[in-house]
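Heads up, the thing below is written out as structure tokens.
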Amino acid sequence: MSAIVSDAARTTPPEVTIVVPTYNECERLDTLIEQVFASCDGRVSVEVIVVDDNSPDGTGAKAECLAAGRALRVIHRRGKLGLGSAVLEGFAAATADVVGVIDADLSHPPSLIPTLFGALRDRELDMAVASRYVDGGRSEGFAWSRRLLSRTACWLSRIVTPVHDAMSGFFLIRRSCLDGLRTSSHGFKIGLELLVRARVRRAGEVPYTFVGRTAGESKMSAGEAFIFARQMASLVIHRLRTAAEPVQCVTLGTAAAPVNTAPVNKAPALDEIGVP
Ligand SMILES: Nc1nc2c(ncn2[C@@H]2O[C@H](COP(=O)(O)OP(=O)(O)OP(=O)(O)O)[C@@H](O)[C@H]2O)c(=O)[nH]1
Ligand SMILES: [Mg+2]
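Residue numbers (the working numbering): 420 to 695.
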């Protein structure tokens, strides 16, 4: 691994490690990091690992500043090596038994992290996915063309997984499910990859409101559609070749899901979303 890891000293492992992959996310990173720690405070112990691909806008240096006095580490990679590999590299450096990922652009509400963690723990899930496409979930500020692409990709992904929002980039997974994982994915859809190739037997979807990026530039390109098509073909072949049990999927709750404009400590209680 070519990473340089700073500030690794911890004694008690946290309950969850949140990986934040970044490429040119200088504008929103401080808000995101504040919200992650504020949302988890007193509810779930968290460490954050920022995996930055030598962002030209100085995101890596900014992340180092934000690490001072916090359970936050930064992995600096030599260049833009891709979202999927950034997430896996962050997972490999994690110290918690539960690992997760959240985008740096505030499209995902950090206030949902304790809810996802509670669902994973209390419902004995292997993976808890924040979902736009179950009751109570929605998207805001997302161009219709992107919505169509996302919906189509999710529809296609039902060939290999029962999860409704397999394109979600916001999820938690037990680290033990990653044992022996073999993947060559360098594409965007690492959640889908894990749903099919990792040892996930029971997944749960928790509704939330996705908010389209309001700062910085998208890293999504036309090339990603091609990479997705290749990824899907490979996953279908994998499914046909392996006799793995299909993933069971449960949908948790239908109550109004949080948006990231909500006050950071006002995450819904587990019983509000149907987690006993
Ligand atoms: N380390 C790393 N992070 C990346 C890379 N590509 C994207 N990211 C990060 O991954 C997250 C998701 O990327 P986005 O550009 O938001 O992709 P998206 O959510 O599909 O599309 P938009 O929100 O419209 O931009 C963001 O935090 C990005 O900064 C990469 O090659 N390396
Ligand atoms: Mg985004």
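Here a beta-carbon is modelled for each residue, glycine too, at the ideal position from N, C-alpha and C. Quantities reported herein were computed from a predicted structural model and do not represent experimental measurements.
Answer yes or no: do R447 and G635 have a C-beta to C-beta separation smaller than 8 Å? yes
Spatial neighbours of S595 in its chain, beta-carbon cut-off 8 Å, leaving aside the 5 residues before and after: D516, R618
Which residue wins for smallest C-alpha separation from C668, given the options Y627, R577, L567? R577
Around ligand 2, what residues have a beta-carbon under 6 Å from a heavy atom of it, in chain order? D522, D524, S526, R632
Jot down the residue ranges of each uninterrupted beta strand (DSSP E) in the segment 477-530, minimum 3 residues, whole runs only, in chain order. 491-495, 517-520
8 Å Cβ cutoff met for L491 and V506: no
Note down the Cα distance separating A663 from A480, rounded to an integer number of angstroms. 43 Å
Please confirm whether any heavy atom of ligand 1 lies closer than 7 Å to the CB of D476. no
Under 8 Å, do L600 and R621 count as touching if we go by C-beta distance? no
Relative to ligand 1, is the shortest distance from any of its heavy atoms to the C-beta of A505 smaller than 7 Å? yes
Here's the rule: buried if 16 or more other CB atoms are within 10 angstroms of the residue's CB, otherwise exposed. What is C459? buried
Going by DSSP in three states, E612 sits in which element: helix, strand or coil? helix
Report the three-state DSSP secondary structure of L544 (helix, strand or coil). coil
Which residues in the same chain as G498 place their Cβ atom closer than 7 Å to its Cβ, once the five residues preceding and following it in sequence are excluded? D472, N473
Would the segment 582-594 and the segment 651-661 be scored as touching if the rule is three or more Cβ pairs under 8 Å? no
Give me the residue from C445, E444, T450, V470 with the minimum Cα distance to T436. V470
What residues match up with A590 in a beta bridge as DSSP calls it? It is worth fixing the name first, because residue 590 is Phe in this sequence and not Ala. Answer by DSSP bridge pairing, in chain order: V520, V548.
Is any heavy atom in ligand 1 found nearer than 7 Å to the beta carbon of Y442? yes
Among E483, G501, G631, which has the Cα closest to the Cα of G642? G501
Quick check on this structure: which residue in A482, G488, G503, A487 has the alpha carbon closest to the alpha carbon of I494? A482
For F561, does the three-state DSSP call read helix, strand or coil? coil
Sorry if obvious, but does the Cβ on G537 come closer than 7 Å to a heavy atom of ligand 1? no
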